[in-house]
Structure formats: C-alpha cells, structure tokens
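Here is the structure we will look at.
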Amino acid sequence: MNELPHQILEHPAEPGWKVDFDAFLETHPDLDTLEVVLPDTNGVLRGKWLPGKALKKVFEQGVAFPYSLFGLDVWGREVESTGMHLETGDKDGVCWPIPESLKLVPWTERKTAQVLLSMYDRDGQPFPADPRHVLENMVERLKSEFGVTATCAFELEFYLFEESEGDWTEQPRPLFSTHLGPARQNMYALSDLEALLPVVDDLRKACEAQGIPADAAVSEAAPGQFELNLHHRQNPLLAADDVVLLKRLVAGVARKHELKASFMAKPFVEWPGNGMHVHVSMEDEKGNLFADPDKGPERLGYAINGLMKTMPEALLLFISTFNGFRRMQPGSYAPASICWGYDNRSVALRVPASSPEAARVEHRIAGADANPYLVLTGILAGMLEGLVQKKEPPAPVTGNAYEKRKKRLTPWMDEAIDAFEASKLMKRAVGPEMHKVLTEIKREELNEFGREISSLERQTYL
Numbered sequence: 001m002n003e004l005p006h007q008i009l010e011h012p013a014e015p016g017w018k019v020d021f022d023a024f025l026e027t028h029p030d031l032d033t034l035e036v037v038l039p040d041t042n043g044v045l046r047g048k049w050l051p052g053k054a055l056k057k058v059f060e061q062g063v064a065f066p067y068s069l070f071g072l073d074v075w076g077r078e079v080e081s082t083g084m085h086l087e088t089g090d091k092d093g094v095c096w097p098i099p100e101s102l103k104l105v106p107w108t109e110r111k112t113a114q115v116l117l118s119m120y121d122r123d124g125q126p127f128p129a130d131p132r133h134v135l136e137n138m139v140e141r142l143k144s145e146f147g148v149t150a151t152c153a154f155e156l157e158f159y160l161f162e163e164s165e166g167d168w169t170e171q172p173r174p175l176f177s178t179h180l181g182p183a184r185q186n187m188y189a190l191s192d193l194e195a196l197l198p199v200v201d202d203l204r205k206a207c208e209a210q211g212i213p214a215d216a217a218v219s220e221a222a223p224g225q226f227e228l229n230l231h232h233r234q235n236p237l238l239a240a241d242d243v244v245l246l247k248r249l250v251a252g253v254a255r256k257h258e259l260k261a262s263f264m265a266k267p268f269v270e271w272p273g274n275g276m277h278v279h280v281s282m283e284d285e286k287g288n289l290f291a292d293p294d295k296g297p298e299r300l301g302y303a304i305n306g307l308m309k310t311m312p313e314a315l316l317l318f319i320s321t322f323n324g325f326r327r328m329q330p331g332s333y334a335p336a337s338i339c340w341g342y343d344n345r346s347v348a349l350r351v352p353a354s355s356p357e358a359a360r361v362e363h364r365i366a367g368a369d370a371n372p373y374l375v376l377t378g379i380l381a382g383m384l385e386g387l388v389q390k391k392e393p394p395a396p397v398t399g400n401a402y403e404k405r406k407k408r409l410t411p412w413m414d415e416a417i418d419a420f421e422a423s424k425l426m427k428r429a430v431g432p433e434m435h436k437v438l439t440e441i442k443r444e445e446l447n448e449f450g451r452e453i454s455s456l457e458r459q460t461y462l
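Mapping of the sequence shown onto the UniProt record's numbering: residues 1 to 462, in sequence order.
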C-alpha cells in the first residue's frame, strides 16, 4: 500500500512569529472571520473565508489549496497548457501564513482578520510557480551573487467611480468628471481630496490599522484619479506584500463608501492610465551602493544600463494584461521608449532629485494591475545584470522623451510574450516553472481577446 502524502509539521517562518501570533490571539479572542489570501500568477487574490476560531489551526497546520491555482487565467479559468491541472491529478499544496501580514480588516462590519499565504509542496519546499517565492529566489540571488540587498518603494495610481449595477461594459464616468467644457484634471488639487475626506480618512486609518506604510495621497492627472505612495522597505518581499494588501484595502474602503476603485492600466483613451512606479536602491554592508561619493554614480549607471538592456524581454512582467499595452502611448505620462534621465517623468527610468544617501532608480513602466512580486523580480534581475556586466548606459534624455528618436517599447502583447519566452535571462530570473506558466497563461488570454468582436468593428463593417 502506498504511503499517504505527509503533512508539514512546522511553519517555515522563523520561530519568533509565535510571540506576535499569541499576542494577536490574546488581544482578539472574539474574532468572527478569518480571510486567508493567496495572490495568483496574475495577482488576483484567491482564498477562503474561515471562522475566526480556525486561526490557530491555520498557523499550526497551514491551508490546503491546489497547485493549479497558479495555472489560472485572469478570468479564473484553467489553462491546460500550463500542465498544472487534471493531468497532474490536481494535487494540493500546503499554504502557510506570512506572519507579518496577520491584521484586522477595519472596513468590514464583522470582526475580521486577514493573512497572506504562500505555497509549499508536501516536502516543505517553496512551490516554484508561486510569485512570492519567485521574488524570494531573486532576493537570495542578489545576496549570493553580488552581496547586496534592495530597498524598494511603490507608488500606485487608481480611479474611483460611483458604484454601478451594470456589468461595466459601457465606459464609466470617474468621480469629478463632467461633459461640460474641458476635462477637470485637477492635478494635485487639495479640493478633490477634501471632497472625499471621509474616504481619505478611512484609507489612512485602515493603513495604520494594518501597518501598511502609506505616506502620501495625491489627486492625479485625470478626474477621479489618485495616487498613494508607500514608504520604502528594506525587504523587497514586504514591499510587494504592501502593494497586494494596499490594493485590497483601497477596494474595500471604496466599497464601504459605495464607490468602485479600479487599478485597470488604461480605463480611458483620452485620460492617463494607472501606473505602478517602483523606487529601488541597493545596499551592501557599507550602505547604498549608489550613494558612494567615488563609485556611486558609476554603479547607478551600470544598474540603469542593465534595466535598459533587459527591458524588452522583461516587459511581460511589467505589463501583463491585454489592456496594459494600451497605456504605452506617447504624451501619456507612461513611458513609450527605452531611455532614462534625471528628474524626467517622460522617461522609462527616472533618477529622482534627492540627497546622495537616497540615490535610486524610479522604474515607471509597470501598470497598476501588474503582479508586484513579478514586477520587482524583473527590476532586480535587470539591475543585477547591469552590476555584473559593468557597462555604462547611453546619455540621459533631457526634455520630452516622447519627441526623441529612441527605441520604442512594443505596444503589442504578442511581441512581449515572444520576447519573454525566448529569453534565457528571464527564464533564470523567474525560474523555468514560472517562465512556462506565465507564457502559457498570457498567450491564452491574448487568444481570448482575439476571438472577441469589438463594438467598433460592428459599427464600422456591419
């Protein structure tokens, strides 16, 4: 008789998590609901609602989910070509909670907690198609191959809409939009924040309650568009966790106020899309590599050159949705070409004005709907490649990058998929399992959009 698959008996995190867990349990003995949350390959949150009394069991025994969750497309359908579904028996892995993510959910009526999960196999090994483990492997490579760590901070843009009872097939109208006169962009307008004071106040309180280090809220470049900035983290995994939790928090608080928050990369043709900007520096035992008075600028140039060199093959990690490629338009505050510059928001890689100690690269390519674990993996892979190769970048762009004759980033999803699939560097960066899974999922999603007949086609050709 074959032996049954054995369970993992120990949580893979450091033993110190038990102290904080016991304190949480003692403070909240009346917990009603526990939400266990597992981000999939697309960054879509999968999971379960459990009774609050299950919290201890989740931390001691983990939660079973099928490995095949990482082989789903953006609509939650199985993509058979990933090889992760019935042909494998659709087996379960063990998902363990990330202790730092255990927090109350302040926007729900019932007393609810949530915790992020990550997937392991039955032998206790990280599941290689879990995006969080993909980033974890890249962080380990930075340490082992170059002796550095990374400090990261994200900025997220999103739109707010009035809630709709429809299916969102018609073009929605964001808050503060009007059909009279020019569009009310109201960039950096305090009046828009003041008009939404109850929402902004609840966002701030929810971030404080969940320990999410959001430090600025801005009215952005279109009606109803906003940006939230996250404070830097010296742990890239926690920085990406912050993004996952912040997006969920924004959606939950907006829903409480009968609004819909959307991180869709390009909801409107005429208005700017939603970006995910990532600030990254690298440190060794002496501090910020880019802040060294002698070698700092040189190292920063190497990192920038690596990002530029790998940009075409890594693009699918930064822009992974069919809609996301519509955002890559000249003049839209989204980068359209492979270039860099100092304090220039028209380039793909911006070096912000800062003190030497805060020298960093701002990566401006990703859409707000991208998976932050994979985005950061692609960025760190490019920077590591640059530091290893030690080649200077081309001259920085001054002025409007959209008017310069620079190599364009492809606006076509099929070309981005092909470049990613053919890249040995990306296969090593994300691992062979994720490389295959992401390629197959994105090709299937592209094919599905290709099978759709648009309303414009019918209006034109019927």
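Just so you know, even glycine gets a beta-carbon here, dropped at the ideal spot from N, CA and C.
Worksheet item: Would DSSP call MET119 helix, strand or coil?
Response: Three-state DSSP puts MET119 in a strand.
Item to complete: Return the Cβ separation of LEU228 and ALA240 in integer angstroms, given the expectation that the two are a contact with Cβ distance under 8 Å.
Response: With 8 Å as the limit, LEU228 and ALA240 do not qualify as a contact, their Cβ atoms being about 15 Å apart.
Worksheet entry | Beta-carbon spacing of LEU249, VAL199 below 8 Å | no
Worksheet item: So what's ARG360 in DSSP terms, helix, strand or just coil?
Response: coil
Worksheet item: When burial is assigned at 16 or more other CB atoms within 10 Å of the CB, is LEU462 buried or exposed?
Response: exposed
Worksheet item: What three-state label does DSSP hand THR151 in the structure shown?
Response: strand
Worksheet item: Between ALA419, ARG458 and ARG141, which lies nearest to LYS442 when the distance is taken from Cα to Cα?
Response: ALA419
Worksheet item: Ordered along the chain, which non-local residues of its own chain (more than five positions away) have a Cβ less than 6 Å from that of LYS266?
Response: Contacts found: GLY273, ASN323, ARG326 and ARG327.
Practice prompt. Answer with buried or exposed for LYS406, where buried requires no fewer than 16 other C-beta atoms within 10 angstroms of its C-beta.
Written response: buried
Discussion item. Considering Cα atoms alone, identify which of GLY382, GLN171 and ALA153 is closest to ASP215.
Written reply: ALA153
Fill in: Proximity of GLY211 and LYS103 at Cβ, strictly below 8 Å
yes
Worksheet item: Is the beta carbon of ILE304 less than 8 Å from the beta carbon of PRO393?
Response: yes
Discussion item. Considering only the alpha carbon of each residue, which of LEU409, TRP96 and VAL430 lies closest to GLU60?
Written reply: TRP96
Discussion item. So the candidates are LEU315, GLY52, TRP49 and TYR67; which of them puts its Cα closest to the Cα of GLU433?
Written reply: Of LEU315, GLY52, TRP49 and TYR67, the residue nearest in Cα terms is TYR67.
Worksheet item: Per DSSP, what kind of secondary structure is ASP90 in: helix, strand or coil?
Response: coil
Item to complete: In the DSSP assignment, find the unbroken alpha helix (DSSP H) run with GLY386 in it and report its ends.
Response: 372-389
Discussion item. Within the continuous alpha helix (DSSP H) that includes PHE318, where are the two ends?
Written reply: 296-318
Worksheet item: Do the segment 279-289 and the segment 142-150 touch if we need at least three Cβ pairs shorter than 8 Å?
Response: yes
Worksheet item: Using the beta-carbon count (16 or more within 10 Å), is GLY287 buried or exposed?
Response: exposed
Worksheet item: Ordered along the chain, which non-local residues of its own chain (more than five positions away) have a Cβ less than 6 Å from that of ALA129?
Response: PHE70, GLU433, MET434 and VAL437
Item to complete: Would you list the residues sitting across from GLU285 in a DSSP beta bridge?
Response: Per DSSP, none; premise fails for GLU285.
Worksheet item: Under 8 Å between the Cβ atoms of PRO352 and ARG364?
Response: no
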